[in-house]
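Going by our numbering, the sequence shown opens with residue 1210, and the numbers climb by one from there.
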Amino acid sequence: ERRIANEDRPNRFVLSGVYALPFGEGRRLGGDSALWLRKAISGWTVSGIYTYQSGSVVSWGNVIYLGGELNWEARNIGGAFDTTRFNTVPAQQLDRNLRTLPTDFGGYRSDGINTLNAAVIKNTALGRGVNLQLRGEAFNVFDRVQFGEPVLAPTNSNFGRIVSQVNAPRSVQFGVRLLW
């Protein structure tokens, strides 16, 4: 069968950036403030990585498709498509047959990646080539769920429902690094 590969992702967009905040020692804002304040507000950097990517192609099994519009919704966990368009009677399912329906008919795709990761970093010079770095990092900042494929087995009681998540929930980590 000639078909789209499961690894195919026609759209991928990644935007990243790093920005050193413009205040503190040697900067426009706060450069002439008290020493303790300059140390506190100097050396701050923020960064982020945004990623968007299309989902994978849905591969149908050996199903009996009755025709009609599926009304595909890759983020509808209660029903990603119209299950009445398939024969779901267990005794009528195909066992050995010549397949005439392509496994990727319709070009439907599962939910894709849409996430933002960010970091805040504070670098402080402690003197004589010794620096302290404090950092906070957040992954999946907006805690967006990326759903898996819906259940595609017509005889499964969850047929058409999305029952899995394929990404990790938001996580935050902190770190301290001493450089000399």
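A virtual CB, placed ideally from N, CA and C, is assigned to each residue, including glycine.
Buried or exposed, going by whether 16 or more other CB atoms sit within 10 Å of the CB of residue i?
i: residue 1290; result: buried
i: residue 1318; result: buried
i: residue 1255; result: exposed
i: residue 1351; result: exposed
i: residue 1373; result: exposed
i: residue 1363; result: buried
i: residue 1298; result: exposed
i: residue 1235; result: exposed
From the DSSP output, read off the bridge partner residues of residue i.
i: residue 1374; result: 1356
i: residue 1262; result: 1221, 1322
i: residue 1381; result: 1347
i: residue 1342; result: 1332, 1386
i: residue 1253; result: 1331
i: residue 1238; result: 1232
i: residue 1368; result: 1360
i: residue 1274; result: 1295
What's the gap between the Cα of residue i and the Cα of residue j?
i: residue 1261; j: residue 1320; result: 11 angstroms
i: residue 1217; j: residue 1264; result: 8 angstroms
i: residue 1333; j: residue 1368; result: 56 angstroms
i: residue 1337; j: residue 1230; result: 24 angstroms
i: residue 1300; j: residue 1212; result: 29 angstroms
i: residue 1233; j: residue 1386; result: 21 angstroms
i: residue 1293; j: residue 1326; result: 40 angstroms
i: residue 1323; j: residue 1214; result: 21 angstroms
Can you list, in chain order, the residues of its chain with a C-beta nearer than 8 angstroms to that of residue i? Leave out the 5 residues immediately preceding and following it.
i: residue 1388; result: 1339, 1340, 1341, 1342
i: residue 1228; result: 1254, 1255, 1256
i: residue 1219; result: 1263
Looking only at its own chain, which residues have a Cβ that is under 6 angstroms from the Cβ of residue i, when we skip the five neighbours before and after it?
i: residue 1375; result: 1355, 1357
i: residue 1346; result: 1328, 1382
i: residue 1330; result: 1254, 1344
Residues in the same chain with beta-carbon distance under 7 angstroms from residue i, minus the five sequence neighbours each way, listed in chain order, please.
i: residue 1371; result: 1286, 1289, 1356, 1357, 1359
i: residue 1250; result: 1232, 1233, 1239
At least three beta-carbon pairs within less than 8 angstroms, the segment 1252 to 1260 to the segment 1219 to 1238: yes
Contact between the segment 1264 to 1279 and the segment 1301 to 1319 (3+ Cβ pairs under 8 angstroms): With a cut-off of 8 angstroms, the segment 1301 to 1319 and the segment 1264 to 1279 count as touching, because enough Cβ pairs lie within range.
Meets three-Cβ-pair contact criterion under 8 angstroms: the segment 1278 to 1295 and the segment 1239 to 1250: no
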